[in-house]
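What follows is one structure encoded as structure tokens, with my remarks underneath.
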Amino acid sequence: MTDRTELDPASQYQAPRNQWLDVWDQFKKHRGALIGALIFLFIMLGVFAGPLIYWQDPQYVPTGREFLKLRDMRPIYAVIWDSGAKVDWAHPLGTDNIGRDALARMMSGGQVSITVGLAAMALSLVLGTAIGVLAGYFRRLDGPLMRFTDLFLALPLLPLLLVAVLLFREPLKAGFGIEGGVFILIVTLIGVTSWMQTARIVRGDVLALKEREFVIAARSIGAPSRRIVMRHILPNVLSPIMVSATLGIASAIITESALSFLGFGFPPDFPTWGRLLFDSVDRMTLYPERVIWPGLAISVTVLSVNYIGDGLRDALDPRIRGR
Amino acid sequence: MLNFTIRRLLISIPTLLFISLTIFLLLELAPGDPMAQVPLTVPPEVKQQMREALGLGEPMHIRFFKWIVQFFWIEPLNLFDNLFGTSFAEGKLRVISWQTRSPVMDIVAQRLPQTLTVVGVAYIVAIIIAIPIGVYSAYRQYSFFDNAGTFITMVGFSVPPFFSGVLVIVIFSVWLGWFPSIYDTTHRVTDWDSFVYQLKQMIMPVMVLALQITSQISRFMRASMLDNLNQDYVRTARAKGLTENVVVLVHVLRNSMIPVVTVIALGIPGIFGGAIITEQVFKVNGIGQLLITAIQANDLPMVQTLTFIFAVLIVLFNLIADILYGILDPRIRYD
Chain A
19 MTDRTELDPA SQYQAPRNQW LDVWDQFKKH RGALIGALIF LFIMLGVFAG
69 PLIYWQDPQY VPTGREFLKL RDMRPIYAVI WDSGAKVDWA HPLGTDNIGR
119 DALARMMSGG QVSITVGLAA MALSLVLGTA IGVLAGYFRR LDGPLMRFTD
169 LFLALPLLPL LLVAVLLFRE PLKAGFGIEG GVFILIVTLI GVTSWMQTAR
219 IVRGDVLALK EREFVIAARS IGAPSRRIVM RHILPNVLSP IMVSATLGIA
269 SAIITESALS FLGFGFPPDF PTWGRLLFDS VDRMTLYPER VIWPGLAISV
319 TVLSVNYIGD GLRDALDPRI RGR
Chain B
8 MLNFTIRRLL ISIPTLLFIS LTIFLLLELA PGDPMAQVPL TVPPEVKQQM
58 REALGLGEPM HIRFFKWIVQ FFWIEPLNLF DNLFGTSFAE GKLRVISWQT
108 RSPVMDIVAQ RLPQTLTVVG VAYIVAIIIA IPIGVYSAYR QYSFFDNAGT
158 FITMVGFSVP PFFSGVLVIV IFSVWLGWFP SIYDTTHRVT DWDSFVYQLK
208 QMIMPVMVLA LQITSQISRF MRASMLDNLN QDYVRTARAK GLTENVVVLV
258 HVLRNSMIPV VTVIALGIPG IFGGAIITEQ VFKVNGIGQL LITAIQANDL
308 PMVQTLTFIF AVLIVLFNLI ADILYGILDP RIRYD
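These protein sequences, in sequence, are chains A and B. So the mapping is simple: the working numbering equals the position in the first sequence, first residue as 1, plus 18. So the mapping is simple: the working numbering equals the position in the second sequence, first residue as 1, plus 7.
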């Protein structure tokens, strides 16, 4: 304390760095993650803001002569190798076999796909975090909850998902309308069947955190369990949760598309990318673009989300950060 | 080790019971009625009798018990009879499919070889490709090969099989015309030409399945190698003057294989699940396709049996993975 005057406060003092700034700095270093984040943002923008610029109605089915004129249009780039192709600048990606605009359908399909992914991820995250924290924090619950998790991990998920979709589709359709019913069903099913990994990771971290000094200090001043969990434990398990959140979006999108592809997902007039792919498979020899665009959209989205998850994992790990 | 194995075996029994109960209860809620196809002119009491003949009249717990007995006792007996020509199971009621009125297990036995050839070959191909990739990209971490490998495994992770399958069909059978797009399961290999045809029709499904599996295994292999490469025993081996080949391919590789072997075992049931989609894309009539048609036709016994077979596979390979880990790595034995 005696040599305080020697220090020039302006040169010594550094503004305390926010943890999230450090994370962002590390994240930026991961080139794949940065590109992935940009691409994901671009897809989100195209899908959700695109319809504001591109006014075609994805549901509009032309009739009469217009139908003959508009159906089965090829994408505009088809002219390059086939000068006689039926194209129109009004429909850049062409139209489907009943004349609906492909680009508009891709946008509305993407909205559903991404929303399903986000919602299912949120559900599985809430379930996984709750079960993980409960199992890690309360010793009495640990055994039963982890056995329960193991049992869920041993279930054959895809077959059960298919069966469950078939069983509950009709009652939910009656309750919430066709679109709402299927949406609720798919989101719930994916959420309920994908929380196990999160729960395991969170439990492991909570077990380690529970013995740390700051938690013991909080307990010794009489903080109730609820507050210890909310104030001290949850913020510290945020990083694994965030990583599994990003990876959860990717797997939810893939699961939803797989269900739609097998014909157990969304109805054709309320398509997702998976459903668009499924509907076009029969005619893919004549119109390969109808398969390639939705498939590409799914793959690129999932790839970018996976890269974001990868970068986030590195950025949130303090051992790697700063290297 | 024996103790551990027995304990592990005992744990899997309640797991299997829970899973069978889940599957059974889920299907109990099914709105589908096997009598829906029966003409309206059939009087209700006859319908009731038909229902009972299908075993639907009794309360739920009795049916569950009977199903368990059928699945775990009568069907294995039938298998035994078929293998050794005995007749222990004669006259016992087997699990009957509502679609075809023939025993479910017979149909499964017909379909299983198709799935097994495609899935099995894909798995082996994937392992053969994945391990060298993993080893090399860990050894030259952050090299061009490693970065390219990471990107390709990421792509293999992210491209769903229903898209990669459709894409290879468009490229290789529509544009190039090299391979048939539909897998012909009636094809028999008798001579060289038919063998070549069999190879041709297997290439695309195997490629699609193998891409996914390779991505997972090579990623794991790489991580496991990286963990081991910085260990002290590696430095010791180098200090002793062993050649680099011996250090990497004998010392490090053997230790890195321990977790990878378990991952390979754990992945097998998942591959059967993934094969459902691949079979649908390439029209292979294996058990995945059987499951889909059974679900659509409301054939409850078939769906129950198939789902349960998938569950048994998962539990079985979990068990195998655990025991393998115990054998390979003495540190984690619990006794």
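In this text, a Cβ means the ideal position worked out from N, Cα and C, and glycines have one as well. Here the structure is a predicted model, which means the values were calculated and not measured.
Strictly under 7 Å for the Cβ-Cβ distance: is Thr-312 of chain B near chain A by that measure? Residue 312 of chain B sits at position 305 when you count from the first residue of the second sequence. Not one chain A Cβ lies under 7 Å of Thr-312 of chain B.
According to a CB-to-CB cut-off of less than 9 Å, which residues of the region 315 to 334 of chain A neighbour chain B? Ile-316, Ser-317, Val-318, Thr-319, Val-320, Leu-321, Ser-322, Val-323, Asn-324, Tyr-325 and Asp-328
Could you check the C-alpha separation between Asp-160 of chain A and Arg-14 of chain B for me, to the nearest Å? Here residue 160 of chain A is taken as the residue at index 142 of the first sequence, counted from 1. Here residue 14 of chain B is taken as the residue at index 7 of the second sequence, counted from 1. Those two C-alpha atoms are separated by around 20 Å.
With a threshold of 16 other CB atoms inside 10 Å of the CB of Leu-39 of chain A, please say whether the residue is buried or exposed. Numbered from 1 along the first sequence, position 21 holds the residue referred to as residue 39 of chain A. Exposed: under 16 other Cβ atoms inside 10 Å.
For Ala-138 of chain A and Val-210 of chain A, the rounded distance between their alpha carbons: Translated into the one-based positions of the first sequence, residue 210 of chain A becomes position 192. Translated into the one-based positions of the first sequence, residue 138 of chain A becomes position 120. Going by the C-alpha atoms only, they are around 8 Å apart.
What whole-angstrom Cβ distance do Ser-263 of chain B and Ala-137 of chain B have, given they're in contact under 8 Å? Here the question's residue 263 of chain B lines up with position 256 in the second sequence. Here the question's residue 137 of chain B lines up with position 130 in the second sequence. Wrong, their Cβ atoms sit about 13 Å apart, outside the cutoff.
List the residues of chain A whose Cβ lies closer than 8 Å to the Cβ of Ala-318 of chain B, in chain order. Numbered from its first residue, the second sequence carries residue 318 of chain B at position 311. Neighbours of Ala-318 of chain B on chain A, chain order: Ala-172, Leu-173 and Pro-174.
Short of 6 Å in beta carbon distance, which residues of its chain neighbour Gln-106 of chain B, apart from the five on each side in sequence? Order them along the chain. Counted from its first residue, the second sequence places residue 106 of chain B at position 99. Hits under 6 Å: Ala-304 and Asp-306.
Distance between beta carbons of Ser-188 of chain B and Ile-176 of chain B, contact taken as under 8 Å: What you label residue 176 of chain B is simply residue 169 of the second sequence in a count that begins at 1. What you label residue 188 of chain B is simply residue 181 of the second sequence in a count that begins at 1. Right, their Cβ atoms sit about 5 Å apart.
Beta-carbon gap between Gly-128 of chain A and Tyr-325 of chain A smaller than 7 Å: Residue mapping note: residue 128 of chain A aligns to position 110 of the first sequence, counting from 1. Residue mapping note: residue 325 of chain A aligns to position 307 of the first sequence, counting from 1. For Gly-128 of chain A and Tyr-325 of chain A, no; Cβs fall outside 7 Å.
Applying the 10 Å Cβ sphere with the 16-neighbour rule, what's the burial state of Ile-267 of chain A? If you number the first sequence from 1, residue 267 of chain A lands on position 249. Looking at its Cβ environment, which holds 16 or more other Cβ atoms inside 10 Å, Ile-267 of chain A is buried.
Distance between Phe-186 of chain B and Phe-179 of chain B (C-alpha atoms, nearest Å): Counted from its first residue, the second sequence places residue 179 of chain B at position 172. Counted from its first residue, the second sequence places residue 186 of chain B at position 179. Roughly 6 Å separates the two Cα atoms.
Cβ neighbour criterion (16 or more within 10 Å) applied to Tyr-305 of chain A: Here residue 305 of chain A refers to the residue found at position 287 of the first sequence. That one is buried.
Nearest-angstrom Cα separation, counted from Val-241 of chain B out to Val-233 of chain A: The residue you call residue 233 of chain A lines up with position 215 of the first sequence. The residue you call residue 241 of chain B lines up with position 234 of the second sequence. Approximately 39 Å between the Cα atoms of the pair.
Please return the same chain residues whose Cβ sits closer than 6 Å to the Cβ of Gly-82 of chain A, not counting the five positions on each side in sequence. Looking up residue 82 of chain A in the first sequence gives position 64. Around Gly-82 of chain A: no qualifying Cβ.
Report the rounded CA-to-CA distance for His-258 of chain B versus Val-270 of chain B, giving the unit in angstroms. Locating residue 258 of chain B in the second sequence gives position 251, where the first residue counts as 1. Locating residue 270 of chain B in the second sequence gives position 263, where the first residue counts as 1. Their backbone Cα atoms lie some 20 Å apart in a straight line.
When you compare the CB of Gly-277 of chain B with every CB in chain A, is at least one pair closer than 7 Å? The sequence position of residue 277 of chain B within the second sequence is 270, counting from 1. No, because no Cβ of chain A sits closer than 7 Å to the Cβ of Gly-277 of chain B.
Delimiting residues of the alpha helix (DSSP H) encompassing Arg-173 of chain A: Position 155 of the first sequence, counted from the start, is the residue given in the question as residue 173 of chain A. In the sequence as presented, Arg is not what sits at residue 173 of chain A; that position holds Leu. Per DSSP, Leu-173 of chain A belongs to no alpha helix (DSSP H) and is neither H nor E.
Out of A:Pro-177, A:Ser-269 and A:Val-41, state which residue places its alpha-carbon closest to the alpha-carbon of Gln-215 of chain A. Residue 215 of chain A sits at position 197 when you count from the first residue of the first sequence. Closest option to Gln-215 of chain A, Cα to Cα, is A:Ser-269.
Report yes if the C-beta distance between Ile-3 of chain B and Leu-277 of chain A is below 7 Å; otherwise report no. Since the first and last residues shown for chain B are 8 and 342, residue 3 of chain B lies out of range.
Where the alpha helix (DSSP H) containing Pro-212 of chain B begins and where it ends: Your numbering for residue 212 of chain B matches position 205 in the second sequence. Run containing Pro-212 of chain B: 199 to 236, per the alpha helix (DSSP H) assignment.
So which of A:His-109, A:Pro-174 and A:Lys-104 has the shortest CA-CA distance to Pro-76 of chain A? Numbered from its first residue, the first sequence carries residue 76 of chain A at position 58. That would be A:His-109, whose Cα lies nearest to the Cα of Pro-76 of chain A.
Candidates A:Val-144, A:Arg-89, A:Ala-192 and A:Asp-328: which alpha carbon is nearest Thr-157 of chain B's? Taking the first residue of the second sequence as position 1, residue 157 of chain B is located at position 150. Answer by Cα proximity: A:Asp-328.
Which complete alpha helix (DSSP H) runs does the region 201 to 285 of chain A hold, if anything under 4 residues is left out? 214 to 228, 231 to 238 and 256 to 279
Strand pairing of Ile-103 of chain B, partner residues [DSSP]: Within the second sequence, numbered from 1, the residue matching residue 103 of chain B stands at position 96. Answer is B:Pro-110, bridged to Ile-103 of chain B.
Strand pairing of Thr-113 of chain A, partner residues [DSSP]: Start at 1 with the first residue of the first sequence, and residue 113 of chain A comes out as number 95. In the DSSP output, where bridge partners are listed per residue, Thr-113 of chain A has A:Asp-119.
Listed from N- to C-terminal order along the chain, which residues in the region 275 to 309 of chain A have their beta-carbon within a distance smaller than 7 Å of any beta-carbon of chain B? Ser-275, Ala-276, Phe-279, Leu-280, Leu-295, Val-299, Met-302, Thr-303, Pro-306 and Val-309
Any beta carbon from chain B within less than 7 Å of Pro-69 of chain A's own beta carbon? On the first sequence, residue 69 of chain A is found 51 positions in, with the first residue counted as 1. So, not an interface residue.
Considering only residues of the same chain and omitting the five flanking positions on each side of Ser-27 of chain B, which have a CB-CB separation below 7 Å? Position 20 of the second sequence, counting from 1, holds the residue named residue 27 of chain B. So the qualifying residues of the chain are Ile-75 and Phe-315.
Nearest-angstrom beta carbon gap, Thr-12 of chain B and Ile-299 of chain B [assumed within contact, 8 Å]: Start at 1 with the first residue of the second sequence, and residue 299 of chain B comes out as number 292. Start at 1 with the first residue of the second sequence, and residue 12 of chain B comes out as number 5. Actually they are not in contact, since the Cβ atoms of Ile-299 of chain B and Thr-12 of chain B sit about 36 Å apart, beyond 8 Å.
Would you mind working out which of B:Val-181, B:Ile-134, B:Ile-265 and B:Val-162 sits nearest Val-213 of chain B, comparing C-alpha positions? Position 206 of the second sequence holds residue 213 of chain B. Cα-wise, what sits closest to Val-213 of chain B is B:Ile-134.
Using DSSP with H/G/I as helix, E/B as strand and the rest coil, what is His-194 of chain B? Within the second sequence, the letter at position 187 stands for residue 194 of chain B. Reduced to three states, the DSSP call for His-194 of chain B is coil.
List, in chain order, every chain A residue whose beta-carbon is nearer than 9 Å to that of Thr-29 of chain B. The sequence position of residue 29 of chain B within the second sequence is 22, counting from 1. Neighbours of Thr-29 of chain B on chain A, chain order: Leu-169, Leu-173 and Leu-178.
In the structure shown, what three-state DSSP assignment does Thr-48 of chain B receive? On the second sequence, residue 48 of chain B is found 41 positions in, with the first residue counted as 1. Three-state result, Thr-48 of chain B: coil.
Leaving out five residues before and five after Leu-171 of chain A in sequence, what residues of the same chain have Cβ atoms less than 8 Å from its Cβ? Reading the first sequence from its first residue, position 153 is the one you call residue 171 of chain A. Answer for Leu-171 of chain A: Met-214, listed in chain order.
Along the region 245 to 271 of chain A, what residues have a CB closer than 8 Å to any CB found in chain B? Ala-268
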